[in-house]
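Reading through the structure tokens given below for one structure.
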Amino acid sequence: MDVILRQDVDNLGRAGELVTVKDGYARNYLLPRGLAYLASEGNRRRIEAEARQRDRRAGAQLESARELAERLEAVSLTFAMKAGEGDRLFGSVTAADVADRLHAEGFTVDKKAVELHEPIKALGVYKVPVRIHQDVKPEVRVWVVKE
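The numbering of the sequence shown is this note's numbering, which starts it at 8 and goes up by one.
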């Protein structure tokens, strides 16, 4: 059975492609979940219209993400922490701390978007990437100073 994919499907194809699959796979999985349409001229036009709409939306999202990235690049966060010998912190600065401080500055950023792989455990200046879009990842300067 020939179907036109509405979304990317792993090990099958990308959105908008015409693929041939077994009848049962199309009837029982792809079509009920809205992942594909039956291959017809009307559905092909529908997929093209959805693709144009998706591209328009993606362009607008990318533009707003770039504007947000410019504002985030200018942000510098300062954390005053207690530190012991060797400038080691008694606690740590985590991704949630950075996200909370960004929220206090007026940015709505999820803690999962802050790409801090390990908590900061020493004094210093760090550049912390924030993933706000697939193609846009600005870096926020984080200063950890002694209290």
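Using N, Cα and C, we set each Cβ at its ideal position, and we do this for glycine too. Computed from a predicted structure; not experimentally measured.
Buried or exposed by the 16-neighbour rule on C-beta atoms within 10 Å, applied to residue i
i      : result
Leu12  : buried
Val10  : buried
Pro39  : exposed
Val151 : buried
Ala87  : exposed
Asp104 : buried
Leu25  : exposed
Ala111 : exposed
Ala33  : buried
Pair within 7 Å by beta-carbon distance, residue i and residue j
i      : j      : result
Leu42  : Gln14  : yes
Ala102 : Val82  : no
Lys128 : Ser99  : yes
Tyr90  : Leu130 : It is Ala, not Tyr, that sits at residue 90 in the sequence shown. It is a contact, given that the beta carbons lie within the stated cut-off.
Val137 : Val149 : no
Asn50  : Tyr44  : yes
Leu84  : Arg52  : no
Cβ-based neighbour list, residue i, same chain, cut-off 8 Å, excluding 5 preceding and 5 following
i      : result
Asp117 : Ala106
Phe114 : Leu75, Arg78, Leu79 and Val82
Glu55  : Gly23
Phe97  : Met88, Lys89, Ala90 and Gly91
Leu19  : Leu12, Val26 and Val28
Identified DSSP bridge partners for residue i
i      : result
Ala81  : Ala81 pairs with nothing; no bridge assigned.
Met8   : According to DSSP, Met8 bridges with nothing at all.
Pro136 : Glu146
Lys119 : DSSP lists no partner for Lys119.
Arg95  : Ala129
Leu45  : Val10
Ala90  : Leu96
Val16  : Gly20
Lys153 : Met88
6 Å CB neighbourhood of residue i in its chain, flanking five on each side removed
i     : result
Arg21 : Asp15
Residues near residue i in its chain [Cβ-Cβ closer than 7 Å; skip 5 each side]
i      : result
Arg95  : Lys128 and Ala129
Lys153 : Ala90 and Leu130
Arg73  : Val143
Original post:
Quick one: any contact between the region 63-75 and the region 25-35, if contact means 3 or more CB pairs under 8 Å?
Top reply: no
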